[in-house]
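Chains as they are written, first to last, in my numbering: chain A, 1 to 205; chain B, 1 to 280. Okay, structure first, notes after.
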């Protein structure tokens, strides 16, 4: 009984949204719109719950030995800073200049610096890949180098030929592989979604 | 006093009005295709044609052996549900990947419970954390090891895709086994590298096509593209759960046949093929 209630809810809500996708009806449109709003409210509540759980987890970590107390302290400090910037008297919330400054001056550079590491970790990943699957990784590296050469910003006749070859390879073999994978993912995604919708697929056996 | 007949008449009238004021958004053919696929083919007709012996997708068949080695070595196992989440996912396909990863988590959690290995699960979405907690608890319940449930843990790492990747890179822990299953994006390589660093064995899976090379570079066992959705059928014990793989094969052939047939008709000069299939 405990497990059948969520299954019934999933099935009913899913069928309402599916019917709204197929059938144009004002009443059904309103019902589906209301359901979509409930989902957004639930997502907001889940985000709030997650924030509270985060504070509780790292607050507990501050009091325990053997945990990353500095990391937890930095996390809680950052959380407090953003909350103060957004909730202080006179603040306009997420569009407040102080909040936007914190995001632009602290958060965005941190994320950018993290993604700047991608190239170096790609080299490390290639080294690991060569250790795990030397033949397949070697082939991938050769193809990647070939694509790099094709994408070189050269001028003249050579540059034109390289650009044409790059365009052909992206729209031809590379595009075909990605399209094939996307078709497979779409088909399997539809099957998984249908099985979840009708309660055939459990989240765990 | 209103009688039953009046009430039924009003209900029928209301239903009639609703039907009368409705129309099909997509047209008849696409609607029939969607309903036919979802309701008929996937739910009613899909049956396994025979015994299907899968390969060891993602090296998940050796999870039990891995957990036994981890128990001997005293190491823990780590499982990341990707960075797409459920409530925070902007695309339905991203959310679906997280849901498809839960049976894989269940499989790993059962092996960890059986082997007495601590399992650390991470997710960057509160709803995914809740689902993961239920999955881990169910695994311990099935294995009869509820007394060890408190040793394992599901952690909410915070909002944002880069957060999960940064945490994986920052943690300096040797894992007996590292698993990633779910949606990934540009930060995928960082998350996979952080999880794989120092891990005795790895199994990584994502249906994000763009991250396929990263999975192949970093993971020993990999689930690339549709394999993430096929794997729950692999690791389950009943034949009925293999229907997804058979259904997928039939649908893929059907899709290819439709594409080839429609292309041939277009080449022969038959007009209106795209309009027929899209209902426009």
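Glycine residues also receive a C-beta, built at the ideal position from the N, C-alpha and C atoms.
Item, Value
"With 16 other Cβ atoms within 10 Å as the buried cut-off, status of residue 211 of chain A", "The question about residue 211 of chain A has no answer, for chain A in this structure spans 1 to 205."
"Residue 120 of chain B: first and last residue of the uninterrupted beta strand (DSSP E) it sits in", "119-123"
"N- and C-terminal bounds of the alpha helix (DSSP H) containing residue 144 of chain B", "From DSSP, residue 144 of chain B is part of no alpha helix (DSSP H); its letter is neither H nor E."
"Beta-carbon proximity check, residue 83 of chain B vs residue 161 of chain B, cutoff 8 Å", "yes"
"Sequence-distant residues of the same chain with beta carbon closer than 6 Å to residue 71 of chain A, five excluded per side", "none"
"Residues that residue 230 of chain B contacts on chain A, provided the C-beta gap is smaller than 7 Å", "188"
"Residue 191 of chain B versus residue 163 of chain A - alpha carbon distance", "33 Å"
"Contact set between residue 121 of chain B and chain A, taken where Cβ atoms lie within less than 9 Å", "Neighbours of residue 121 of chain B on chain A: none; closest Cβ ~13 Å, over 9 Å."
"Beta-carbon gap between residue 174 of chain B and residue 194 of chain B smaller than 8 Å", "no"
"Contact under 8 Å by Cβ, residue 61 of chain A with residue 67 of chain A", "yes"
"Helix, strand or coil at residue 24 of chain B [DSSP, three-state]", "strand"
"Residue 90 of chain B classed as buried or exposed, judged by whether at least 16 other C-beta atoms fall within 10 angstroms", "exposed"
"Test: residue 213 of chain B CB closer than 8 Å to a CB of chain C", "Although the question refers to chain C, the structure presented lacks it and instead comprises the protein chains A and B."
"Residue 176 of chain B (DSSP reduced to helix, strand or coil)", "strand"
"From B:20, B:4, B:59 and B:6, residue whose alpha carbon lies closest to that of residue 223 of chain B", "B:59"
"Interface residues of chain B facing residue 59 of chain A [CB-CB closer than 8 Å]", "The premise fails here: residue 59 of chain A is roughly 14 Å from chain B at the closest Cβ pair, so nothing lies under 8 Å."
"Buried/exposed call for residue 1 of chain A, threshold 16 Cβ in 10 Å", "Unreliable positioning characterises residue 1 of chain A in this predicted model, as indicated by a pLDDT of 46, which lies under 50. A coordinate reading is not provided."
"Buried or exposed by the 16-neighbour rule on C-beta atoms within 10 Å, applied to residue 136 of chain B", "buried"
"Member of B:146, B:188 and B:18 whose CA lies at the smallest distance from the CA of residue 29 of chain A", "B:18"
"Bounding residues of the alpha helix (DSSP H) (the contiguous stretch that carries residue 125 of chain A)", "118-132"
"Residues that residue 34 of chain B contacts on chain A, provided the C-beta gap is smaller than 7 Å", "22"
"Cβ pair residue 100 of chain B, residue 11 of chain A closer than 8 Å", "no"
"Residue 59 of chain A to residue 52 of chain A span [Cα, whole Å]", "10 Å"
"Contact between the stretch 132-151 of chain B and the stretch 109-122 of chain B (3+ Cβ pairs under 8 Å)", "yes"
"The stretch 123-130 of chain B touching the stretch 29-49 of chain A, judged by at least three CB pairs closer than 8 Å", "yes"
"Simplified DSSP state of residue 178 of chain A, which is helix, strand or coil", "helix"
"Alpha-carbon to alpha-carbon, residue 214 of chain B and residue 94 of chain B", "17 Å"
"Residue 144 of chain B beta carbon less than 8 Å from that of residue 71 of chain B", "no"
"Backbone secondary structure at residue 10 of chain A - three-state DSSP", "helix"
"Whether residue 154 of chain B touches residue 164 of chain B by CB criterion (8 Å)", "no"
"Partner residues on chain A for residue 193 of chain B, Cβ-Cβ distance less than 7 Å", "121, 124 and 125"
"Residue 121 of chain A burial status per 10 Å Cβ neighbour count (16 or more: buried)", "buried"
"For residue 209 of chain B and residue 185 of chain A, believed in contact at Cβ under 8 Å, the rounded distance", "6 Å"
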